[in-house]
Each structure stands twice: as structure tokens, then as C-alpha cells.
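Visitor:
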Amino acid sequence: MSYQNAPEGDGAMVAVSMYGTAVARDGDPREEEPGDRRRGSHADARIPFLSRRSTRIVGGFVLPLILLAAWQLASTSGAFNSSQLPSPAMVWEAAVDLAQRGLLGLYVAISTQRVLIGFACGALLGLVFGALVGLSRLWDIFFSSTLSAIRAVPSLAWVPLLILWFKIGEESKVILIAIGAFFPVYTTVAAALKHVDRHLVEAGRAFGLSGVRLFTTVQLPFVLPTVISGLRLALAQSWLFLVAAELIASSMGLGFLLNDSANNGRTDRLFLAIILLAILGKLSDSLIGLLERWTARRWG
23 MSYQNAPEGD GAMVAVSMYG TAVARDGDPR EEEPGDRRRG SHADARIPFL SRRSTRIVGG
83 FVLPLILLAA WQLASTSGAF NSSQLPSPAM VWEAAVDLAQ RGLLGLYVAI STQRVLIGFA
143 CGALLGLVFG ALVGLSRLWD IFFSSTLSAI RAVPSLAWVP LLILWFKIGE ESKVILIAIG
203 AFFPVYTTVA AALKHVDRHL VEAGRAFGLS GVRLFTTVQL PFVLPTVISG LRLALAQSWL
263 FLVAAELIAS SMGLGFLLND SANNGRTDRL FLAIILLAIL GKLSDSLIGL LERWTARRWG
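Position in the sequence shown counted from 1, then plus 22, gives you my numbering.
(1) Is V118 near D290, with beta carbons less than 8 Å apart?
(2) How far does the alpha helix (DSSP H) with H221 in it reach, from first residue to last?
(3) How many Å lie between G226 and K216 at the Cα?
(4) In the DSSP assignment, find the alpha helix (DSSP H) that holds M112 and state where it starts and stops.
(5) For L208 and L169, which I take to be in contact (beta-carbon distance under 8 Å), what is that distance rounded to the nearest angstrom?
(6) Taking all protein chains shown into account, decide if E193 is buried (16 or more other Cβ within 10 angstroms of its Cβ) or exposed.
(7) In this structure, does DSSP put R61 in helix, strand or coil?
(8) So does L157 have its beta carbon nearer than 7 Å to some heavy atom of the ligand NAD?
(9) Classify F165 as helix, strand or coil using the three-state DSSP reduction.
(10) What does the Cβ neighbour count give for I301, buried or exposed, with the cut at 16 atoms within 10 Å?
(11) Identify whether V324 lies in helix, strand or coil by the three-state DSSP scheme.
(12) Taking S306 as the reference, which of L255, L294 and D282 has the closest Cα?
(13) Measure the alpha-carbon distance for G277 versus V80 and round it to whole angstroms.
(14) Can you list, in chain order, the residues of its chain with a C-beta nearer than 6 Å to that of L125? Leave out the 5 residues immediately preceding and following it.
(15) Rounding to the nearest angstrom, what Cα-Cα distance links L128 and F204 in this structure?
(16) Residues in the same chain with beta-carbon distance under 6 Å from R60, minus the five sequence neighbours each way, listed in chain order, please.
(17) For W180, which residues from the same chain have a beta carbon less than 7 Å from its beta carbon, with the 5 sequence-adjacent residues on both sides left out?
(18) Alpha carbon to alpha carbon, what distance is there between W187 and V196?
(19) DSSP on V175, reduced to helix/strand/coil?
(20) Residue range of the alpha helix (DSSP H) that T239 falls in?
(21) Pairing CB atoms from the stretch 242–260 with CB atoms from the stretch 143–152, are three or more of them under 8 Å?
(22) Check this for me: beta carbons of V245 and V223, under 8 Å apart or not?
(23) Does DSSP put N103 in a helix, in a strand, or in coil?
(24) How many angstroms separate the CA atom of T134 from the CA atom of A174?
(25) On a CA-only basis, which of L242, L280, A153 and K304 is nearest I296? Give me that one, please.
(26) Can you tell me which of L242, I250, F164 and P243 puts its alpha carbon nearest to the alpha carbon of P206?
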């Protein structure tokens, strides 16, 4: 069967063939082999116990509880003093104290807002530039070398320049976070689009697809898993760049709490800030996971 000889009204089959069937090199579609499917969830589905949502949620708490028990034992064993390793109870008391003074929620809200705004701006720009470089040879030549050089600049190297230009206001922090979010998305999207199967693109063009329609029907569904991975990396990078920004130029936020606690010897608050960053990072990553499941249902 040749795509060129198919009726024009069957253009939607171009995208369907990417997931419902695998296209052989001679142009003939074949049924998807079991080994071609994503293995993670399908493998677990063969074991009913592991596929239960409640089991996965409960199982995810096993290692944190083990670490918590080990932390409690280490802090009460006498091998460490409280200034080196505060107990979980001391960290909880520090959290309650900051919450009662109205600081804990404020610091969490400010840091989360900075990350979300910076991540949204950086990821959007990363998608745009990644698409330009991945789809156009001309833009690839124009942008790729310069952006690769900028990507190699360490995050802390941007801080003095941003403070000089934007002072210590919100702009400098959000821009630094956007820089951190930009490159994972840009890199993954550009690389993925460069490796889209040419047979699929040619088949789409044979059905009269071009420009935006070709991108949304054929190329975007093909690279969606990679795009989601890039967004996850970008979000994790955003939290890293947030700490870099708040450690140096901030009077509020979790990065400020880290720096202030270290300067004042408050190890309990230091541990609290680290734990909060870990929890917020996991929650935000879970939001990307929801997006991944939605796109899998929509285009998968």
C-alpha cells in the first residue's frame, strides 16, 4: 500500500500510523509488535498487584519512611550533635515556629511563584527556538553554535550581571530561572525534531499537509514524549536556578531561608528548607506527569 495512492480524505491516517501501526521501510504498514509498545506500564499491568494505584502510592512512601527512621536513629544515637544533625522533631518544631509567624507559607508561595513564572517563560522560548532549529536548516546554522556556547555558562555567572541590570528585584530572579528552563527544552525539542522519521514527513506532504498542519499532525505527536521529558528537566533546573538566585540576592524565599539558616547556625531550618524544596519539586514534577498522561490519551 502506498500513501500516495490513498484517498485524500485519509490524511488523518498519517498521524494514526505513527502509533497504531509501524510503517516498514517499503511503505507497507504492519501491526505493531508487543515489543514496540512502551514497556513500563504494560509490564506492570501483567501483575495486578503492582498495577493498582493504591499500591503504587503506598509503595512510594516506603523509602521515605525508611530514610526518616534512619534519620531519627542517627540523630538520637549520640554520633552527631543537634547542630550537625537535628532530629525530625526539631525540624518539625522549626516549621511550626515559622508557620506561626507567617513566614513559612510566604516563603513557599514566593519561591513557587518565581519558579512557575520563570519556567513558563523559559519553556515557551525553548519550544519556539527548538522548533525553529529542529525544523529549519537555516535557523539551525544561525542559532545552534551561539546557543550551545551560552548553555555552557554556569548559572552563578549570570547572577552578578542580572543584579547589575535589574538590581535585586523579581526580574533578575525570574530571568535567571527562565535561563535555566530554556536550555533543557530547547535542546530536547531541537534534537527530537531533527530525528523525525522522514518517511512520515513525506507521507504527510503527500496528503497535502504542510507548515503548521504538518507540524501539529505528524511532527509534534512524534516528538511529544521527548518534549515532556524536556519539560521535566526544565522544571527541575528551574528549582536549581531558583536557589542560586535566592542564595545571593533575596530577602525572602526558600533559597533565602537556606542562606540565612546557614549564617545563623539554624541547622533545623536548613533541613526544613531542603525538605520543602524536595517536596515542591516532586509536586511540580507530578503536574508534568499529569500533562504526560493527558497527551498520551490525546495523541497516543
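Beta carbons: idealized from backbone N, C-alpha and C, even for Gly. As the structure is a prediction and not an experimental result, all values here were calculated from the model.
Guide: Once the coordinates are examined:
(1) Going by C-beta atoms, V118 is not nearer than 8 Å to D290.
(2) Looking at the DSSP string, the run of the alpha helix (DSSP H) that includes H221 is R220 to A228.
(3) Approximately 16 Å, taken between the alpha carbons.
(4) Note, M112: alpha helix (DSSP H), P110 to Q122.
(5) Here residue 208 is Tyr; the residue named in the question, Leu, does not match the sequence. Cβ-Cβ separation between Y208 and L169: approximately 7 Å, consistent with a contact (criterion under 8 Å).
(6) E193 comes out exposed.
(7) Here the model assigns R61 a pLDDT of 45, short of 50, so the residue's position is not dependable, and the following value carries that caveat. Correct three-state label for R61: helix.
(8) Although the ligand NAD was asked about, the structure shown includes no ligands whatsoever.
(9) Helix, per DSSP.
(10) Looking at its Cβ environment, which holds fewer than 16 other Cβ atoms inside 10 Å, I301 is exposed.
(11) Because the chain in this structure spans residues 23 to 322, residue 324 falls outside the shown range and cannot be described.
(12) The candidate whose alpha carbon is nearest that of S306 is L255.
(13) One alpha carbon belongs to G277, the other to V80, and they sit about 31 Å apart.
(14) Counting only Cβ-Cβ distances below 6 Å, and skipping sequence neighbours, we find nothing.
(15) Approximately 27 Å, taken between the alpha carbons.
(16) Confidence in R60 is poor, its pLDDT being 44 and thus under 50, which makes the residue's placement unreliable; the coordinate value appears in the next sentence. Within the same chain, R60 has no close Cβ partners at all.
(17) The beta carbon of W180 is closer than 7 Å to those of L198 and I201 in its chain, skipping five residues each way along the sequence.
(18) Roughly 13 Å separates the two Cα atoms.
(19) Here V175 sits in coil by DSSP.
(20) Note, T239: premise wrong, no alpha helix (DSSP H); not H, not E.
(21) The stretch 242–260 vs the stretch 143–152: in contact.
(22) No.
(23) Coil at N103, not helix or strand.
(24) Roughly 26 Å between the two C-alpha positions.
(25) Selected option, being the one with the closest Cα: L280.
(26) Residue I250 is the option with its Cα nearest to P206.
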